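Novice: Heads up: the sequence shown runs through residues 39 to 328, numbered per my numbering.
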Amino acid sequence: MKKVLIKLLLVLVLANLGSAKMQIVTSINVLSDWLKIIGEDKIEVTTLVTGLETPHTYSPRPSDALAIKKATAFIGIGLGLESWLQPLLKSSGNNNLPVFYLSESLKLIEEKEEENDSLNHSHHTNPHVWLSLNNAKAMVIKLSEILSSLDADNANCYVKNSQNYLLMLQELETTYQPQFLNLKDKRLVSFPASYPYLFKEMGLEEVARGEENHGQEPSAKKMVSLATLIKKMQIKVIVAEKQFSSVLPSTLAKETKAELVYLSPLLLAKQSYIQLMESNYENLLKGLAR
39 MKKVLIKLLL VLVLANLGSA KMQIVTSINV LSDWLKIIGE DKIEVTTLVT
89 GLETPHTYSP RPSDALAIKK ATAFIGIGLG LESWLQPLLK SSGNNNLPVF
139 YLSESLKLIE EKEEENDSLN HSHHTNPHVW LSLNNAKAMV IKLSEILSSL
189 DADNANCYVK NSQNYLLMLQ ELETTYQPQF LNLKDKRLVS FPASYPYLFK
239 EMGLEEVARG EENHGQEPSA KKMVSLATLI KKMQIKVIVA EKQFSSVLPS
289 TLAKETKAEL VYLSPLLLAK QSYIQLMESN YENLLKGLAR
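1. Under three-state DSSP, which class holds Glu91?
2. Are Glu244 and Pro234 close, meaning C-beta to C-beta below 8 Å?
3. Indicate the three-state DSSP secondary structure (helix, strand or coil) for Leu127 in the structure shown.
4. Which one of Ser170, Cys195, Ser186 has the shortest CA to CA distance from Ile312?
5. Pick helix, strand or coil for Leu298, following the three-state DSSP scheme.
6. Are the Cβ atoms of Asn132 and Lys107 separated by less than 8 Å?
7. Please classify Ser160: is it buried, with 16 or more other beta-carbons within 10 angstroms of its beta-carbon, or exposed?
8. Residue range of the alpha helix (DSSP H) that Val197 falls in?
9. Hey, would you say Leu140 sits closer than 8 Å to Gly118, going by beta carbons?
10. With DSSP collapsed to three states, give me the class of Glu183.
11. Determine which residues share a DSSP beta bridge with Ala327 and list them.
12. Would you mind sorting Met3 into buried or exposed? The rule is 16 or more other CB atoms within 10 Å of its CB.
13. Between the beta-carbon of Val1 and the beta-carbon of Ala109, is there less than 8 Å?
14. Examine the Cβ distances between the region 77-96 and the region 195-207 and report whether three or more of them are shorter than 8 Å.
15. By the DSSP assignment, the beta strand (DSSP E) with Tyr235 in it spans what residues?
16. For the alpha helix (DSSP H) containing Ser263, list its first residue and its last residue.
17. Excluding the 5 residues flanking Gly325 on each side, which residues of the same chain have their C-beta closer than 7 Å to its C-beta?
18. Counting along the chain, where does the beta strand (DSSP E) carrying Ser228 start and finish?
19. Report the three-state DSSP secondary structure of Val285 (helix, strand or coil).
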């Protein structure tokens, strides 16, 4: 009887080991949304940047180090967006965790950064690559390849799910791109630095930007310059985002009579990526069409 019980316990242990899900940790909730669609019930996903945080304001918590310690892999964007990852890996004790960055091989946008309000500039790559649908398609394919490399037994499932999702992304592009192309006035001013990929893909012209460096509010001199430009060029729309509580965009909108349009680079509440992009597109179209 004792031998039978031991054999049963051994079978149960082996069954649990065989059905153990991959533990994937990712930086932002957009990647989490894609991973859950591609991986279905075969993976468990932990997202580090939650709520109204951004990767720029995120500060690791003890629970995040624990998630990293138990993880099968970490998947992020790269381009300096996860600058906090290496210290987090060290504190978790999981220094050999496989790390994948999805920005590799994407078409990137290089931008100038003003240094200390002087004439000197440095260049950096804008990391908000997921706000381009074409980049999103490439990243979804890459996710499928990563999951397949980690779990070859379920590769066919990952490929099939990613292919189905690519059709949804293509439908989204087909629905909205013609609407933007038909706009008479495609000019806007964006306060945050999050949207050059979205603007470029939809044929919009960002004539000026509020942030001199990411997360750094413009000086009084820059605000006066923006207000003058908006009035002179009769810009209809100023883009802001809910992740930042600054009153400066609303102040600028009141002074110039431009419409304040709120976008988001990350999922809000229980949004999916598709819903996020639909919301961003609809808000822009409504503002630019007035």
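Built from N, CA and C at the ideal position, the CB exists for glycine as well. Note that this is a predicted model, so its numbers are computed, not measured.
Specialist: Judging by the given coordinates:
1. Glu91: coil per DSSP, three-state reduction.
2. Yes, these two residues count as a Cβ contact at 8 Å.
3. In the structure shown, Leu127 adopts helical secondary structure according to DSSP, grouped into three states.
4. When each option's Cα is compared against that of Ile312, the closest is Ser170.
5. Strand at Leu298.
6. Yes; because the gap between Cβ atoms is below 8 Å, this pair is in contact.
7. Unreliable placement is indicated for Ser160, whose pLDDT of 47 sits below 50; no coordinate value is reported for it.
8. Looking at the DSSP string, the run of the alpha helix (DSSP H) that includes Val197 is 193-219.
9. The answer is no: Cβ separation not under 8 Å.
10. In the three-state reduction of the DSSP assignment, Glu183 falls in the helix class, which pools H, G and I.
11. Answer is none; Ala327 lacks a bridge partner.
12. Here the chain comprises residues numbered 39 to 328, so residue 3 is not present and cannot be evaluated.
13. No answer is possible for residue 1: it lies beyond the span of the chain, which begins at 39 and ends at 328.
14. Between the region 77-96 and the region 195-207 there are three or more inter-stretch CB-CB distances shorter than 8 Å, so the stretches are counted as touching.
15. Note, Tyr235: premise wrong, no beta strand (DSSP E); alpha helix (DSSP H) at 234-239.
16. Segment 258-271, the alpha helix (DSSP H) holding Ser263.
17. Cβ neighbours of Gly325 beyond the five flanking positions: Lys274, Val275, Glu297, Val299.
18. That run of the beta strand (DSSP E) goes 225-228.
19. Annotated three-state conformation of Val285 is coil, per DSSP.
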